[in-house]
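Enquirer:
In my numbering, the protein residues as written are -1 to 396.
(1) Just to confirm the assignment: which complete beta strand (DSSP E) runs, minimum length 3, are found wholly within the stretch 95 to 132?
(2) Does the beta carbon of residue 0 fall short of 6 Å from some heavy atom of the ligand NAP?
(3) Counting C-beta neighbours from all protein chains within 10 Å, is the total for residue 152 16 or more, i.e. buried, or is it exposed?
(4) Are the stretch 140 to 147 and the stretch 93 to 110 touching, with three or more C-beta to C-beta distances below 8 Å?
(5) Tell me, please, which residues DSSP counts as bridged to residue 181.
(6) Please report how far the alpha carbon of residue 164 lies from the alpha carbon of residue 92, in whole angstroms.
(7) Checking 7 Å against the spacing of the C-beta atoms, do residue 324 and residue 202 come in under that value?
(8) Please check the pair residue 166 and residue 293, which I expect to be a contact at CB under 8 Å, by giving their CB distance rounded to whole angstroms.
(9) Is the Cβ-Cβ distance between residue 30 and residue 72 less than 7 Å?
(10) Residue 271 and residue 242 look like a contact to me (Cβ under 8 Å); what is the Cβ gap, rounded to whole Å?
(11) Going by Cα to Cα distance, which pick from 284, 45 and 68 is closest to residue 171?
(12) Taking all protein chains shown into account, do 16 or more other C-beta atoms lie within 10 angstroms of the C-beta of residue 364, making it buried, or fewer, making it exposed?
(13) Going straight from the alpha carbon of residue 199 to that of residue 280, what length do you get?
(14) Using a threshold of 7 Å, state whether the C-beta atoms of residue 33 and residue 175 are closer than that.
(15) Can you list, in chain order, the residues of its chain with a C-beta nearer than 6 Å to that of residue 231? Leave out the 5 residues immediately preceding and following it.
(16) Evaluate contact between the stretch 332 to 339 and the stretch 175 to 190, counting only Cβ atoms and requiring at least three cross-stretch pairs below 8 Å.
Here's what the structure looks like:
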């Protein structure tokens, strides 16, 4: 069957009370942004419902896949529309719909009618019974099961009549742009793209920062991170990726600080620079892919030392997840294959053989005093030479 209209279902937005319309408006705009390249579509709201209507030819599979990337959508329902709001017209449309979609399939069904238009003379319960009767008459291969039906046949009577039985699962969450903006520390690993995805799902707009270490890291390592940002942008919208040349700072830390403290001190300066860039770009928080105990820099002691340099909140959505849980999400959002490409980032190049796992903050700060004569100039240079890339999924090379 060819569908020209889709009912878009949301869940959490419905709890927002008097502010619900603001979330609905953002969701409508996000839908328009995501599907614009697939054809001509109109999006409209109607009494707690959002409808997407195709005004041109489009590819059904591509459209559904794109809608499944829009945070805030929990269900995508391809529907048929009946303009004539009479029982006879509804009956004929429902029977024709069931015949075309389910043909000779042997399934169970239940009619679930809702009469939003109260002037319609037949109640919801009566419609359930009457429409069920006509479907059984027209399709003897179908059987009624009101408890666990294979087919839930929805009939909504409004100013028009909407008929549907398929509900395709959406991404859930809240529309991007309804909960501020945050700066993602994006590496070439598995965890940080997942962290960005999870925070974007809560309605947060993303920017990202990547710490580059040429010539110790290659252009391919940098391109890998740009590609990861582009993949995540398929869910979050365009991501401004700030690429920081971190080599001189890493070399200074390597030359002047104890090697077992390299990772912690390096991480602290990354957080300082990320916070500086976040502040300049109106972000309210930082995001990292850290998970407790995964590596030496992610023990409780290490995280406490890292956090000490930040004044803005640091979101760590992967903090309580094990590696397989993170991998599962990365495979679902299609970042995994890019993340495992064998191009090393700056964190793996300058790693100590025996990193400290229980750093003491006072000792770390004492070690950092050895950098006092150079670090301010190095940080200023790093901030002044930031390269910004607009990462969009449309620029991803397939």
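Note that CB positions come from ideal geometry on N, CA and C, so glycine has one too.
Expert: Inspection of the coordinates gives the following:
(1) Correct list: 106 to 113.
(2) The model depicted lacks the ligand NAP and carries no ligand whatsoever.
(3) Residue 152 comes out buried.
(4) A contact is defined here as three or more CB-CB pairs under 8 Å, and the stretch 140 to 147 meets this definition with respect to the stretch 93 to 110.
(5) Looking at the DSSP assignment, residue 181 forms a beta bridge with 205 and 284.
(6) Going from the Cα of residue 164 to the Cα of residue 92 covers about 14 Å.
(7) The answer is no: Cβ separation not under 7 Å.
(8) The Cβ separation is near 38 Å, so there is no contact.
(9) By the CB criterion at 7 Å, residue 30 and residue 72 fall outside the cutoff.
(10) With a contact defined as Cβ atoms closer than 8 Å, residue 271 and residue 242 qualify at about 6 Å.
(11) With distances taken between CA atoms, residue 171 lies nearest to 68 out of 284, 45 and 68.
(12) Taking all protein chains shown into account, residue 364 has fewer than 16 neighbouring C-beta atoms within 10 Å of its C-beta and is therefore exposed.
(13) Computed Cα separation, rounded: 19 Å.
(14) No.
(15) Cβ neighbours of residue 231 beyond the five flanking positions: 237, 389, 390 and 391.
(16) Yes, the stretch 332 to 339 touches the stretch 175 to 190.
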